[in-house]
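Sequential numbering from 29 applies to the sequence shown in my numbering. The beta carbon of each residue, even a glycine, is placed where N, CA and C say it ideally should be. These numbers come from a predicted model, not from an experiment. Working notes, structure below.
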Amino acid sequence: MKTKNTPNSQLTVQTLDFLRDLAQNNNREWFQANRPRYDAAKAEFEHFVGRLLQGIETFESLPNTSVKDCIFRINRDIRFSKDKAPYKKHFAAAVGPGGRHSGRIDYYLHLQPDGESFLGAGMWQPTPAHLAKFRQEVDYNVDELKDIIEAPEFRTYFPEISGESMKTAPKGYSADHPEIDLLRRKELFFMHRYSDKDVLKPGFADEVVKGCRLIKPYCDYLNYLFYDEKDETISL
29 MKTKNTPNSQ LTVQTLDFLR DLAQNNNREW FQANRPRYDA AKAEFEHFVG RLLQGIETFE
89 SLPNTSVKDC IFRINRDIRF SKDKAPYKKH FAAAVGPGGR HSGRIDYYLH LQPDGESFLG
149 AGMWQPTPAH LAKFRQEVDY NVDELKDIIE APEFRTYFPE ISGESMKTAP KGYSADHPEI
209 DLLRRKELFF MHRYSDKDVL KPGFADEVVK GCRLIKPYCD YLNYLFYDEK DETISL
């Protein structure tokens, strides 16, 4: 089912220009002087995320999830960072039941100029217990996972894989294991990048919803594995 874009749910060049200028002037003085531009860009992104919620709700339940639950603050936490730039260079939202604080695998949308925008989802910075469950499942029953992430439509839309891998086999697994590449994975996060031209198209909300629908089986797989199965303690 396609969502209808309205004028206030389409992203515009003004929003990308604001983010581009912010990257070049990342300080509080400039930000306050350009506060009206930020407010307009933020409102535009909020309307866009609202359209995503409507589209995603056609195939996934999102109870008690509002736009503000999904959108990340633009302020950076600089307390323990060498980089003291106070603001992020992008807008971002995590869409799933409960929004960005759900604690589950959700859809992550990153909006940044110059081809840095992307939709992504998957295993990112898992706990040791979750990583152990993932490796155990790969060892015992890899077919279910591979049927999802090796499907032609999935791989065409999500060609980019992000995340760290071990250089050697994880403890308890042989280096010649037939699925050693997956077992060595510490993170398995799939991404689809969008050009600025893509972002500014009237149908961009529909395009992102399409990507979320395609990656939903992988999110469902991880959520079942990590959160919905009976929890058992697994040591690495």
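With distances taken Cα to Cα, identify the nearest neighbour of residue i among the options.
i, options, result
"Val-123", "Asp-111, Tyr-201 and Phe-76", "Phe-76"
"Asn-55", "Ala-113, Ala-69 and Met-219", "Ala-113"
"Lys-225", "Ile-99, Ser-89 and Asp-142", "Asp-142"
"Glu-88", "Asp-256, Asp-248 and Phe-254", "Asp-248"
"Gln-52", "Lys-117, Asp-105 and Ala-61", "Lys-117"
"His-205", "Leu-47, Ala-157 and Asp-167", "Asp-167"
"Asp-171", "Glu-207, Glu-181, Ala-197 and Phe-186", "Glu-207"
"Gln-153", "Pro-64, Lys-238, Glu-215 and Arg-79", "Glu-215"
"Lys-238", "Phe-186, Asn-62, Gln-60 and Leu-210", "Phe-186"
"Gly-126", "Ser-94, Arg-241, Leu-210 and Leu-253", "Ser-94"
"His-158", "Tyr-255, Arg-48, Gln-60 and Phe-46", "Tyr-255"
"Ile-243", "Lys-229, Ala-179, Leu-210 and Gly-200", "Ala-179"
Would you say residue i and residue j are within 7 Å of each other, going by their C-beta atoms?
i, j, result
"Phe-162", "Gly-191", "no"
"His-220", "Leu-137", "no"
Residue i by DSSP, collapsed to three states: which one?
i, result
"Ala-120", "strand"
"Arg-79", "helix"
"Gly-127", "helix"
"Ala-68", "helix"
"Thr-261", "Because the pLDDT of Thr-261 is 39, which lies under 50, any placement of that residue in the model is unreliable, and the number read from its coordinates should be weighed accordingly. Here Thr-261 sits in coil by DSSP."
"Arg-212", "coil"
"Ile-189", "strand"
"Arg-163", "helix"
"Ile-84", "helix"
"Tyr-201", "coil"
"Ile-99", "strand"
"Ala-233", "helix"
"Gly-143", "coil"
"Arg-132", "coil"
"Arg-266", "There is no way to answer for residue 266, as the model of the chain reaches only from 29 to 264."
"Leu-228", "coil"
"Ala-113", "coil"
"Ala-179", "coil"
"Leu-39", "coil"
"Arg-90", "The sequence shown places Leu at residue 90, rather than the Arg named in the question. Correct three-state label for Leu-90: coil."
"Tyr-252", "helix"
Rounded to a whole number of angstroms, what is the C-alpha to C-alpha distance between residue i and residue j?
i, j, result
"Ser-102", "Phe-73", "As written in the sequence, residue 102 is Ile, which differs from the Ser given in the question. Ile-102 and Phe-73: Cα-Cα distance of roughly 12 Å."
"Ala-160", "Tyr-246", "17 Å"
"Ala-120", "Asn-169", "34 Å"
"Leu-44", "Gly-83", "23 Å"
"Ser-202", "Glu-165", "15 Å"
"Gln-42", "Gln-140", "12 Å"
"Asp-111", "Thr-86", "41 Å"
"Ile-177", "Phe-232", "24 Å"
"Glu-235", "Val-227", "9 Å"
"Gly-150", "Leu-39", "25 Å"
"Lys-70", "Ser-37", "12 Å"
"Pro-198", "Asn-251", "23 Å"
"Pro-156", "Pro-64", "44 Å"
"Asp-134", "Glu-181", "20 Å"
"Asn-92", "Ser-130", "11 Å"
"Leu-80", "Trp-58", "31 Å"
"Arg-107", "Asp-175", "43 Å"
"Thr-196", "Leu-253", "24 Å"
"Ala-61", "Ser-109", "25 Å"
"Met-29", "Glu-188", "Reliability of the predicted coordinates at Met-29 is poor, the pLDDT of 38 falling under 50, and no value is obtained from them."
"Cys-240", "Gly-200", "35 Å"
"Leu-47", "Leu-210", "36 Å"
Below 8 Å on the Cβ atoms is my guess for residue i versus residue j; work out the distance and round it to an integer in Å.
i, j, result
"Arg-128", "Asp-97", "7 Å"
"Arg-212", "Met-194", "4 Å"
"Ser-145", "Tyr-222", "4 Å"
"Tyr-115", "Leu-50", "6 Å"
Check the Cβ-Cβ distances between residue i and every residue of chain C, and say whether any is below 7 Å.
i, result
"Tyr-249", "No chain C is part of this structure, which consists of one protein chain only."
Does the beta-carbon of residue i, which I'm using as the reference point, lie nearer than 6 Å to any heavy atom of the ligand NAD?
i, result
"Thr-184", "No copy of the ligand NAD appears in this structure; indeed no ligand is present at all."
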